[in-house]
Ligand code: KG4
Ligand code: ZN
């Protein structure tokens with residue numbers, strides 16, 4: 171009898187402002203997970219500065235790689251593949267991860283697998299729960315708001331997406347208007363729980379049957395409400411603004427996710443992306459899916475919602491098993507689409 175050896179995949183993620191390396195066993199078990207955040211360096215600019223992000227990645231990537239191998243007590247000769255984020259993201263930032271991955275793959279003759287960042291966010295769920303198909307993923311991050319239908323591993327069909335601002339982007343912009351630090355999402359989330367949603371802010375439902383989203387109208391409505399109040403010499407409590415804004419975002423996200431889950435008759439709904447850390451969204455989704463007994467809702471722990479490399483290794487493991495390989499011509503691709511068969 172032959173005993174199947176455990177599969178070990180290294181994940182590398184540098185698409186935005188976290189330099190991250192992880193080692194994942196058999197696509198599901200985290201052996202090491204290291205994230206070096208640059209948030210402190212970008213905070214004073216109120217957002218991610220691409221040039222600064224690239225420089226930090228260059229400084230950090232080797233250290234983070236070494237730390238992951240140390241944490242995991244794993245040798246490079248035990249690694250089956252290197253999975254790296256190809257895109258989307260900031261081109262200068264992506265290039266650092268891609269080049270680190272290529273160097274490692276070339277020097278040690280290890281297969282290289284290119285991964286879509288959003289596929290990574292979705293596969294973060296596999297680190298806590300077995301995926302059951304067909305499934306629907308609600309992806310809400312700083313750059314994306316999407317409903318992704320999956321009929322099997324590696325199949326990604328975008329059935330709805332944002333037509334303007336992503337959910338996280340709207341959070342960050344509204345936070346700026348309220349004078350909160352970057353990234354604003356967690357601050358609005360905290361304030362929202364201290365206030366009540368008394369303001370009647372718009373919800374962009376779009377055409378009947380559309381699973382697309384739009385958050386720029388809501389963002390403008392918040393900004394106008396603040397400015398109009400200022401002109402009258404009044405001040406609306408930030409807690410009220412945060413609670414009302416969050417109620418509007420959550421209402422649209424949850425309603426559309428429930429509708430799509432029913433229409434596509436899915437077995438599971440997976441929450442993914444940085445905004446998945448939002449307490450209001452987590453609570454509202456949990457309540458909405460409680461009565462839908464045939465559909466299992468999966469919500470990753472906070473550490474796996476924001477950018478990390480364990481999710482890239484988890485997605486990479488599936489793609490590696492399906493035979494996907496990249497060669498040394500691999501480049502960072504800032505506008506990479508999540509195709510049906512990735
Ligand atoms: O997925 P992510 O780490 O990076 C991208 O791929 O974009 O998401 C970052 C986004 C930021 O816009 C941040 O404000 C938002 O996730 N975020 C939140 C919360 N935590 C992070 N938004 C709302 N509520 C939160 N608790
Ligand atoms: Zn992300």
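In my numbering, the protein residues as written are 171 to 512.
Glycine included, each C-beta is placed from N, C-alpha and C at the ideal position.
With 5 Å as the limit between CB and the heavy atoms of the ligand KG4, the residues that fall short of it are 311, 312, 313, 338, 341, 342, 353, 355, 356, 359, 443, 444, 445, 447, 448, 476, 477. Inside the stretch 194-221, DSSP marks whole alpha helix (DSSP H) runs of 4 or more residues at positions 209-213, from first to last along the chain. In this structure, 263 is the residue among 371, 263, 250 with its C-alpha nearest to the C-alpha of residue 218. CA-CA distance, residue 474 to residue 294, rounds to 6 Å. When rounded, the separation of the alpha-carbon atoms in residue 403 and residue 395 is 12 Å. For residue 456, there is no enclosing beta strand (DSSP E); the residue is found in the alpha helix (DSSP H) stretching over 449-460. With respect to residue 506, residue 258 sits close: the two C-beta atoms are nearer than 8 Å.
In the structure shown, residue 179 falls within a strand segment according to DSSP collapsed to helix, strand and coil. Nearest C-alpha to residue 415 among 381, 441, 366: 366. Setting aside the 5 residues that flank it on each side, residue 439 is surrounded in the same chain by 305, 306, 307, 308, 427, 431, 455, 459, 465, 466, 467, 468, each with a C-beta closer than 8 Å to its C-beta; the list follows chain order. Taking 7 Å as the cut-off, one finds at least one heavy atom of the ligand ZN near enough to the beta carbon of residue 287.
Contact between the stretch 173-182 and the stretch 472-491 is present, with at least three C-beta pairs closer than 8 Å. Inter-residue distance for residue 278 and residue 509 is about 30 Å (C-alpha atoms, whole angstroms). According to DSSP, residue 466 shares a beta bridge with 438.
The Cβ atoms of residue 207 and residue 222 do not sit closer than 8 Å to each other. Under DSSP, residue 415 takes part in no beta bridge, so it has no partner. Around residue 226, the same chain offers 208 as residues with beta carbons nearer than 6 Å, after the five sequence neighbours per side are excluded.
Taken through DSSP and simplified to helix, strand or coil, residue 284 comes out as strand. Under the DSSP definition of a beta bridge, residue 257 partners with 286. Taken in chain order, the complete alpha helix (DSSP H) segments of 4 residues or longer contained in the stretch 323-406 are 337-347, 355-362, 386-401.
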